[in-house]
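Visitor:
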Amino acid sequence: MNKQFRRVVALSIISAFVFASPLGMVAKAEKPSAKGSKAKTTVKRDNRIKEHVKEKIQDKKEREENAKEKNDAKKEKEENIKAKIAEIKNNRPKEDEEKRLEKVKKLEKFQNLLAEIKKSRKDIKVLKEEMKTVRNEMKQLIKQSYSKEELEKLRQRAEEIMTKNPHVKVIQIENILKKKGQFKFDTPPVIKEGRTLIPVRAITEGLGADVNWNGEERKVTVSKGDKEMVFQLDDGRVFVNGEETAIDVPAQIMNNRTIVPLRFIAEQLGLGVDYDEDTGVIEIDEDDTEEEEQIIVEEGQDATVTESVYNND
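Under mature numbering (1 follows the signal peptide of the UniProt record, and there is no 0), read the sequence shown as residues -20 to -1, 1 to 293, first letter to last.
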């Protein structure tokens, strides 16, 4: 029995080896096949990555080339523009040398003329300052020719005029100058509608004219030499040597005084009249007949009377 048992065991072992060998071979054959498939998959993935990288590199190169082409085109365009500018400059006609010298001479002449004008302006400015000083001295002398009582009366009458006539401005008595002689006012001169009006009494002393007042007909006659002017107060008409003449502002009564237009009378008597806008001074000159000027005084320019105007201080 032991022999038989050993025989069975031996057969079993042999059978096991016999059946195990084919299975092992099959398993061994199957393992390499799985590994090969995995390797192929890895290779494909790597190839795809490489292709993607190549595509990106190619796209970047194309963009760089396009940018370079655009930049080159821009540079070429700039070079063309520069070349055209240079061509224009080179082809510009050159001025003839004589013409150029003539222009230089004209420029020098103009510069010299400009220098002379500047010098003249400076001289005129100096002269104006000197005239201003002289006029200020004359104004002080005129003011000093009035007594304190006369100045006080003038101040009071100036206030009365401005109270009763709000649209009228009073002129400082020292602002009306005459190179030969002077005016003497018992009532201050005024500005009405841009015209200077002075009392008739001042005409006698200031202009050397004869003045006649006709109370019944209410008219004033001013005469000097071959000129006779008749001012009619009721209708505002004026007659020069018998002929009616136009006038801007007629003669009138203000503050119980008859006042007449200074400019009109001065022109009719052939007197030169100068108005200094800076100082508000009206200057009358018998020798300056060719430079007569219309006296138009702007309201508010050195015209308002204050207490200090008629004061000896």
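Just so you know, even glycine gets a beta-carbon here, dropped at the ideal spot from N, CA and C.
Could you tell me the boundaries of the alpha helix (DSSP H) in which Glu140 lies?
Guide: Numbered from its first residue, the sequence shown carries residue 140 at position 160. From DSSP, the alpha helix (DSSP H) with Glu140 extends over Lys128 to Lys144.
Visitor: From the DSSP output, in three-state form, read off Gln162 for me.
Guide: Along the sequence shown, one-based indexing puts residue 162 at 182. Correct three-state label for Gln162: coil.
Visitor: Indicate the three-state DSSP secondary structure (helix, strand or coil) for Gln152 in the structure shown.
Guide: Locating residue 152 in the sequence shown gives position 172, where the first residue counts as 1. Three-state DSSP puts Gln152 in coil, outside helix and strand.
Visitor: Would you decide whether Gly195 is buried or exposed? Buried here means 16 or more other CB atoms lie within 10 Å of its CB.
Guide: Mapped onto the sequence shown, residue 195 falls at position 215. Burial call: exposed.
Visitor: How do the stretch 166 to 176 and the stretch 234 to 242 stand: do at least 3 beta-carbon pairs fall below 8 Å, yes or no?
Guide: yes
Visitor: Ignore the nearest five residues each way along the sequence and tell me which others in Lys160's own chain have a CB closer than 7 Å to its CB.
Guide: What you label residue 160 is simply residue 180 of the sequence shown in a count that begins at 1. For Lys160, where only same-chain residues beyond five positions count, the Cβ hits under 7 Å are Glu266.
Visitor: Tell me whether Pro12 is buried or exposed, calling it buried when 16 or more other Cβ atoms sit within 10 Å of its Cβ.
Guide: Here residue 12 corresponds to residue number 32 of the sequence shown, with the count starting at 1. No answer about Pro12 holds up, because its pLDDT of 49 lies below 50 and its placement is not dependable.
Visitor: For Ala189, which residues in the same chain have their Cβ closer than 6 Å to its Cβ, ignoring the five residues on either side in sequence?
Guide: Taking the sequence shown and counting its residues from 1, one reaches residue 189 at position 209. The residues are Ile183, Val202 and Lys204.
Visitor: Since Ile171 and Ile151 should fall inside the 8 Å C-beta cutoff, what is the C-beta to C-beta distance between them, to a whole number of angstroms?
Guide: Sequence index remark: in the sequence shown, residue 171 carries index 191 (1-based). Sequence index remark: in the sequence shown, residue 151 carries index 171 (1-based). Right, their Cβ atoms sit about 6 Å apart.
Visitor: On a CA-only basis, which of Leu87, Val191, Gln136 and Ala246 is nearest Arg181? Give me that one, please.
Guide: For this step, residue 181 is matched to residue 201 along the sequence shown. Comparing Cα-Cα distances from Arg181 to each of Leu87, Val191, Gln136 and Ala246, the minimum goes to Val191.
Visitor: In chain order, what residues of the same chain have a beta carbon less than 7 Å from the beta carbon of Arg115, not counting five sequence neighbours either side?
Guide: The sequence position of residue 115 within the sequence shown is 135, counting from 1. Leu157, Thr259 and Val261.
Visitor: Suppose you measure from the CA of Asn27 to the CA of Ala63; what does that come to, to the nearest Å?
Guide: Stepping through the sequence shown from its first residue, residue 27 is reached at position 47. Stepping through the sequence shown from its first residue, residue 63 is reached at position 83. Cα-Cα distance, rounded: 53 Å.
Visitor: Hey, would you say Ala231 sits closer than 7 Å to Leu213, going by beta carbons?
Guide: Locating residue 231 in the sequence shown gives position 251, counting from the first residue. Locating residue 213 in the sequence shown gives position 233, counting from the first residue. Ala231 is a Cβ neighbour of Leu213, given a cutoff of 7 Å.
Visitor: Using the Cβ count rule (16 or more neighbours within 10 Å means buried), how would you classify Glu58?
Guide: By 1-based counting over the sequence shown, the position of residue 58 is 78. So Glu58 ends up on the exposed side.
Visitor: Which word fits Glu224, buried or exposed, when buried means at least 16 other C-beta atoms lie within 10 angstroms of its C-beta?
Guide: Locating residue 224 in the sequence shown gives position 244, counting from the first residue. By the neighbour-count rule (16 or more Cβ atoms within 10 Å), Glu224 is not buried but exposed.
Visitor: What does Gln212 pair with, by DSSP beta-bridge criteria?
Guide: Within the sequence shown, residue 212 is the residue found at index 232, counting from 1. Note: Gln212 sits in a beta bridge opposite Lys199.
Visitor: Please report the straight-line C-alpha distance between Met118 and Val229, rounded to a whole angstrom.
Guide: Within the sequence shown, numbered from 1, the residue matching residue 118 stands at position 138. Within the sequence shown, numbered from 1, the residue matching residue 229 stands at position 249. C-alpha separation (whole angstroms): 29 Å.
Visitor: Whole-angstrom Cβ separation of Thr176 and Arg243, contact assumed at under 8 Å?
Guide: The count along the sequence shown starts at 1 and reaches residue 176 at position 196. The count along the sequence shown starts at 1 and reaches residue 243 at position 263. Correct: roughly 6 Å between the Cβ atoms.
Visitor: Name the two residues that bound the continuous alpha helix (DSSP H) containing Asn116.
Guide: To locate residue 116, count along the sequence shown from 1; it is residue 136. Where Asn116 is concerned, the enclosing alpha helix (DSSP H) stretches over Glu77 to Gln124.
Visitor: Rounded to whole angstroms, what is the Cα-Cα separation between Glu139 and His147?
Guide: Counting from one through the sequence shown, the residue named residue 139 turns up at place 159. Counting from one through the sequence shown, the residue named residue 147 turns up at place 167. C-alpha separation (whole angstroms): 13 Å.
Visitor: Cutting at 7 Å between CB atoms, please list the residues of its own chain near Arg217, excluding the five before and the five after it.
Guide: Translated into positions along the sequence shown, residue 217 becomes position 237. Cβ neighbours of Arg217 beyond the five flanking positions: Glu224.
Visitor: For Glu263, I'd like the list of residues in its chain whose CB is within less than 6 Å of its CB, leaving aside the five on either flank, ordered along the chain.
Guide: On the sequence shown, residue 263 is found 283 positions in, with the first residue counted as 1. Closer than 6 Å at the Cβ level, and outside the excluded window around Glu263, lie Leu157 and Asp254.
Visitor: Do you know how far the Cα of Glu31 is from the Cα of Ala47?
Guide: Counting from one through the sequence shown, the residue named residue 47 turns up at place 67. Counting from one through the sequence shown, the residue named residue 31 turns up at place 51. Using only the alpha carbons, I get a separation of about 24 Å.
Visitor: May I have the straight-line CA-CA distance separating Lys55 from Ile65, to the nearest angstrom?
Guide: Here residue 55 refers to the residue found at position 75 when the sequence shown is read from its first residue. Here residue 65 refers to the residue found at position 85 when the sequence shown is read from its first residue. Roughly 15 Å separates the two Cα atoms.
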